[in-house]
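Remarks on the structure that follows.
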Amino acid sequence: MIFWRMLVNNLSLKLLALLLAIALWLLATGAKDSERDISIPLALRNLPAGLSVAGTLPDTVEVTVSGPRIRLLGLRTEELSLSLDLRNLREGTVTFSGMEKRLRIPPGITVMRIYPAVVDVTLVRTPRRGVK
Numbered sequence: 000m001i002f003w004r005m006l007v008n009n010l011s012l013k014l015l016a017l018l019l020a021i022a023l024w025l026l027a028t029g030a031k032d033s034e035r036d037i038s039i040p041l042a043l044r045n046l047p048a049g050l051s052v053a054g055t056l057p058d059t060v061e062v063t064v065s066g067p068r069i070r071l072l073g074l075r076t077e078e079l080s081l082s083l084d085l086r087n088l089r090e091g092t093v094t095f096s097g098m099e100k101r102l103r104i105p106p107g108i109t110v111m112r113i114y115p116a117v118v119d120v121t122l123v124r125t126p127r128r129g130v131k
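With numbering that gives the first Met the number 0 applied, the sequence shown has no gaps in its numbers, which climb one by one up to 131 at the end.
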């Protein structure tokens, strides 16, 4: 009976202390940096008229990002994008490197690794279809 009285005495203060302890714990563990692997779709933009892409390109790029754990847990792949701009390119093979500069990521997140780090895009003339 004495234990029960001690437990319910100042119950609101005890619950407040418990909530503050949980909030402090979440803040401390969420502030630690951690890493996360994400697959990001690779998009091609502004393909010149009369050209098409030859060969195969990766559908996705594997990215390892680092940042506060709480931020990474809330990170959605829709927030990330990687596109290659093909504007003003001519027939032939173009090598795209520096993928981390092309990657759009939210502030507070750091790119650790990208695979593939280099993407080769081969553009060829699209054959014209004659009208008969």
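For every residue, glycine included, the Cβ atom is placed at its ideal position computed from N, Cα and C. Predicted model, so just to flag it, every value in this text is computed and none were measured.
Roughly how many whole angstroms lie between the Cα atoms of residue i and residue j?
i: R4; j: L14; result: 15 Å
i: S33; j: R89; result: 42 Å
i: G107; j: T76; result: 15 Å
So what does DSSP say about residue i, is it helix, strand or coil?
i: E90; result: coil
i: A53; result: strand
i: I39; result: strand
i: I113; result: strand
i: T59; result: strand
i: R135; result: Nothing can be reported for residue 135, as the shown portion of the chain is limited to 0 through 131.
i: R127; result: coil
In this structure, what does DSSP give as the bridge partners for residue i?
i: R44; result: D84
i: D119; result: T94
i: R4; result: R4 is not bridged to any residue.
Check whether the Cβ atoms of residue i and residue j sit closer than 8 Å, and answer yes or no.
i: R35; j: L74; result: yes
i: R124; j: D84; result: no
i: S168; j: T109; result: Residue 168 cannot be examined here, being either before or after the span of the chain that is shown, 0 to 131.
i: L56; j: V120; result: yes
i: L122; j: G91; result: yes
i: R112; j: T59; result: no
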